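A short write-up of the structure that comes next.
In the numbering used here, the protein residues as written are 1315 to 1344.
The structure is reproduced here in structure tokens:
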């Protein structure tokens, strides 16, 4: 799981992919 900072706020990479938004990866959790 990666936590991404997007224009829509913080979300996981799965949520970001679902919404079609990109952003900066803050951290990754394994």
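Ideal placement from N, C-alpha and C gives every residue a C-beta, glycine not left out. None of the values given here were measured: they were computed from a predicted structure.
For residue i and residue j, I'd like the C-alpha separation in whole angstroms.
i            : j            : result
residue 1327 : residue 1321 : 13 Å
residue 1336 : residue 1316 : 12 Å
residue 1329 : residue 1344 : 17 Å
residue 1340 : residue 1324 : 9 Å
residue 1333 : residue 1319 : 13 Å
residue 1342 : residue 1331 : 15 Å
According to DSSP, what are the bridge partners of residue i?
i            : result
residue 1340 : According to DSSP, residue 1340 bridges with nothing at all.
residue 1316 : 1342
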